[in-house]
Amino acid sequence: MAYNPKEVEDRVYKYWLKSGFFNPDNLPKTAKKPWTIVIPPPNVTGRLHMGHALNSTIQDILIRWKRMQGFKTLWLPGTDHAGIATQNVVEKKLEKEGLTKFDLGRKKFIEEVWRWKEEYGNIILGQLKKLGASCDWSRTRFTMDKDYSRAVKKAFLHYYKKGWIYQGRRVINWCPRCGTSLSDLELEYKEEKGKLWYIKYPLKKGDNNFIIVATTRPETMLGDTAVAVNPKDKKYKNLVGKKVILPLVNKEIPIIADRLVDPKFGTGAVKVTPAHDLKDYQIGIRHNLEIIQIIDEKGRITKKALPPYQGLKVLEAREKIVKDLKKQELLEKIEDHTHQIPKCYRCNTTVEFIPSQQWFLKMNELAKIAKMPVKKKKIKFIPRHFEKPYFDWLKNINDWCISRQIWWGHQLPVWFCQNQTGISNFHPQKAESKQKEKYFVSLDKPKKCPICGKCRPKQVDDVLDTWFSSALWPFATLGWDKKTKDLKNFYPTNVLSTGRDIINLWVARMIFSGMEFMKKIPFKNVYVHSTILTKEGKRMSKSLGTGIDPIKFIEEYGADATRFGIAYQITENQDMRFVTDNIIMGEKFCNKIWNASRFVLQQISKSKIKTQKSKLQFKNQNLTSADKKILKQLNKTVKSVNKDLENFRFGKAAHTIYDFFWHDFCDRYIETTKKQNNEKTEEILVFTLLNSLKLLHPFMPFISEEIYQKLPIKNKKKSLMIEKWPDAS
């Protein structure tokens, strides 16, 4: 009497798998034109949450719709190794067992991560199947598969040969907890209430003359090498070029003028610590300032600082320095100050800016490559306003720090000669010119050192930023760098559905990678879906433990109810707070569909009814006004749904289908048919139900398939998913 998804969904999914229709090679021969989506690979950090369910539902709606329209559809699944994020969760697991990665050593730790990957990679794929995802599982990929890893090395070698990859010592973002560099895009800025300290820097000549500097980080003053003002700031015009005495350290440093200084911040005069601030680093390079590192990789004060502060944690040093400044009467005042603090996007530790020897990818040419297809409308963003942050990032782009000091990931295919010295200078251009003396790139372990011809070269310990490998996803999954049949047939892909938070982290990099390696765009449309937040408005994250497992709702309400409930609330609004109300509505809708179908099947005769019409029209004029009205409304609904899906308006399409089936078909037409029982009515009942099931199928595939298999119609297909999509007249 009531629809029971537990009796249907697993059985139907097994039926689909047996049919082979998820694989484009098994679709009817009439399906010739390829239509492709490569899934944004979920990180193997844990179970999926409702945000993943949203995106998977969107992609499955599109792929099922296009499959029924007669396209040769491929939805390619897979998972991402997610370097730092996965290493972080495995380290937390070990911590609960009283162990660290160092207790295991690199080799055994990586084995531990692979076990984690196997467990959670399978869980993730199982969750997608429970949701009804019609992916071609025979083509499942992982970003550290053997062939994929080879592709990553080939990409690295390609850039290296072009002179776009270099090693240099620069000030970078550093997470003391994770012990690795981070790109600018891997930082999350959080607003915190802090202080603004106004410090007196005595002028070299002149009694009681000071320049007052405002800073949020007094501890870094131990590494100051200048005081800077804006060249347009008239109040400091006569001080530029003079010297001040660095408080506590008691050494002379210059007053310089630089356009990067904000004259409205504090007093308009700022301390310059090139080793521990990205803006200060740029100023330091421009003015040839000394770079003194006084904070190390563990977040402690180095031996380059004064002895009283050496070895202290950053906040401990801050407290002592402020206390010492007060003693020497060099602290003018302290103000409350709210500012943005950079945090590691994975462990939430405050990020330090420190000088570090890293590998970089030059971005000038690649940024130009990434701009072109979007400017020329070969790639469209939906909604379109996301083009602006895309272009803004490319306009102000820095070279990409691609090396990470972690164990899990693609080890750089870089080897070094043990008979040559390393690079010790800071300047990236000089470092770049020297790197060939020591390093070389090889896809395989070299048998002989090509530099000295004597030593056994060692591979560098660093691994690549996880986004370097992810950037190759649309074509490496299809077999690049080999010329495969899949690459020829299914690249470029049609749609990328993704979240706004990784437009620059991932989307931009896939675009320039596709253009660089394939000479073609990787996808035609970028649909930026809503972000599902928790009921409290927090970001859902597997690694942070704030995700809600969609399986919980599938087990309680069914996959169709979960999918429809998610799709129903998709709008152009970018933030969507998750509530269960719409999923409960989806469950009720399933029961409505089930009961309406039961009624139709009970009303019609046992003979097979021919309802496979190419157009939604009946030539026979023996129709009642109710017959004509439902057929007209069905035709209107098909047109509306088609238009909405073409424009990625999934919520509107779901509302339209819901309103038609519940109100037009059930409340009005079915009630009317109870009074007009004839053969034509039976045919229209089945015809309307069949086409309703077709419209519902991309959104609610299980129940629509189950009912379809019970319909007494001629020339029925093996599965609803290869039925012909309704063709409105």
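What the sequence shown shows, in the working numbering, is residues 7 to 735, in sequence order. Note that CB positions come from ideal geometry on N, CA and C, so glycine has one too. Keep in mind that this is a model prediction, so the values were computed, not measured.
Residue i and residue j closer than 8 Å at C-beta
{"i": "PRO182", "j": "GLU358", "result": "yes"}
{"i": "ALA275", "j": "GLY229", "result": "no"}
{"i": "PRO498", "j": "PRO463", "result": "no"}
{"i": "ILE576", "j": "PHE656", "result": "yes"}
{"i": "LEU470", "j": "ARG410", "result": "yes"}
{"i": "TRP41", "j": "LYS78", "result": "yes"}
{"i": "ASN531", "j": "ASN500", "result": "yes"}
{"i": "ILE259", "j": "LEU266", "result": "no"}
{"i": "GLY185", "j": "GLU101", "result": "no"}
{"i": "TRP414", "j": "MET369", "result": "no"}
{"i": "HIS87", "j": "VAL50", "result": "yes"}
{"i": "PRO419", "j": "LYS159", "result": "yes"}
{"i": "MET227", "j": "LYS277", "result": "yes"}
{"i": "ASN244", "j": "PRO269", "result": "no"}
CA-to-CA distance, residue j to residue i, given in whole angstroms
{"i": "PHE705", "j": "PHE595", "result": "12 Å"}
{"i": "TYR315", "j": "ILE307", "result": "7 Å"}
{"i": "TYR19", "j": "GLU712", "result": "10 Å"}
{"i": "ILE457", "j": "LEU367", "result": "23 Å"}
{"i": "GLN426", "j": "ASP31", "result": "54 Å"}
{"i": "GLY564", "j": "MET56", "result": "14 Å"}
{"i": "PRO718", "j": "LYS700", "result": "16 Å"}
{"i": "LYS494", "j": "ILE709", "result": "36 Å"}
{"i": "LYS374", "j": "PHE523", "result": "15 Å"}
{"i": "PRO47", "j": "PHE216", "result": "57 Å"}
{"i": "GLU13", "j": "TRP22", "result": "15 Å"}
{"i": "GLN417", "j": "ASP66", "result": "34 Å"}
{"i": "LYS658", "j": "LEU539", "result": "21 Å"}
{"i": "ASN10", "j": "GLY138", "result": "16 Å"}
{"i": "LEU321", "j": "TYR204", "result": "18 Å"}
{"i": "PHE570", "j": "ASP673", "result": "20 Å"}
{"i": "VAL95", "j": "THR146", "result": "23 Å"}
{"i": "LYS444", "j": "ARG352", "result": "33 Å"}
{"i": "GLN441", "j": "ILE408", "result": "With a pLDDT of only 47 at GLN441, under the threshold of 50, the placement of this residue in the model should not be trusted, and no figure is reported."}
{"i": "ASP487", "j": "LYS720", "result": "47 Å"}
{"i": "ALA140", "j": "ASN294", "result": "A quick correction: the sequence has Ser, not Ala, at residue 140. About 59 Å."}
{"i": "MET7", "j": "LEU640", "result": "27 Å"}
Cβ-based burial, residue i [other Cβ within 10 Å; buried from 16]
{"i": "TYR736", "result": "Absent from the model: residue 736. The displayed extent of the chain is 7 to 735, so no value can be given."}
{"i": "PRO395", "result": "exposed"}
{"i": "ALA437", "result": "Any reading at ALA437 needs caution, since the residue's pLDDT is 43, under 50, leaving its predicted position unreliable; the model's value is listed next. Buried, because 16 or more other Cβ atoms sit within 10 Å of the Cβ of ALA437."}
{"i": "SER725", "result": "buried"}
{"i": "VAL585", "result": "exposed"}
{"i": "GLY459", "result": "exposed"}
{"i": "SER519", "result": "buried"}
{"i": "ALA220", "result": "buried"}
{"i": "PRO480", "result": "buried"}
{"i": "GLY169", "result": "exposed"}
{"i": "PHE108", "result": "exposed"}
{"i": "THR36", "result": "exposed"}
{"i": "PRO556", "result": "buried"}
{"i": "ASP342", "result": "exposed"}
{"i": "SER698", "result": "buried"}
{"i": "ASN128", "result": "exposed"}
{"i": "GLU685", "result": "exposed"}
{"i": "GLY174", "result": "buried"}
{"i": "ARG73", "result": "buried"}
{"i": "HIS345", "result": "exposed"}
Beta-carbon separation (whole angstroms), residue i vs residue j, contact threshold 8 Å
{"i": "ILE360", "j": "VAL177", "result": "7 Å"}
{"i": "LYS196", "j": "LYS377", "result": "So it is not a contact: roughly 31 Å between Cβ atoms."}
{"i": "PRO732", "j": "VAL644", "result": "5 Å"}
{"i": "SER189", "j": "ASN29", "result": "Going by Cβ atoms, the distance from SER189 to ASN29 rounds to 37 Å, so no, they are not a contact pair."}
{"i": "ASN597", "j": "TYR574", "result": "The Cβ separation is near 16 Å, so there is no contact."}
{"i": "ILE690", "j": "ILE636", "result": "7 Å"}
{"i": "LYS249", "j": "LYS210", "result": "4 Å"}
Identified DSSP bridge partners for residue i
{"i": "ASN179", "result": "LEU188 and PHE359"}
{"i": "ASN294", "result": "In DSSP, ASN294 forms no bridge with anything."}
{"i": "LYS386", "result": "ASN531"}
{"i": "CYS350", "result": "LEU193"}
{"i": "VAL276", "result": "ALA234"}
{"i": "ASN49", "result": "ASP86"}
{"i": "THR79", "result": "TRP41"}
{"i": "PRO260", "result": "LYS249"}
{"i": "ARG410", "result": "VAL469"}
Residue i CB to nearest heavy atom of the ligand PLP below 7 Å
{"i": "VAL420", "result": "No copy of the ligand PLP appears in this structure; indeed no ligand is present at all."}
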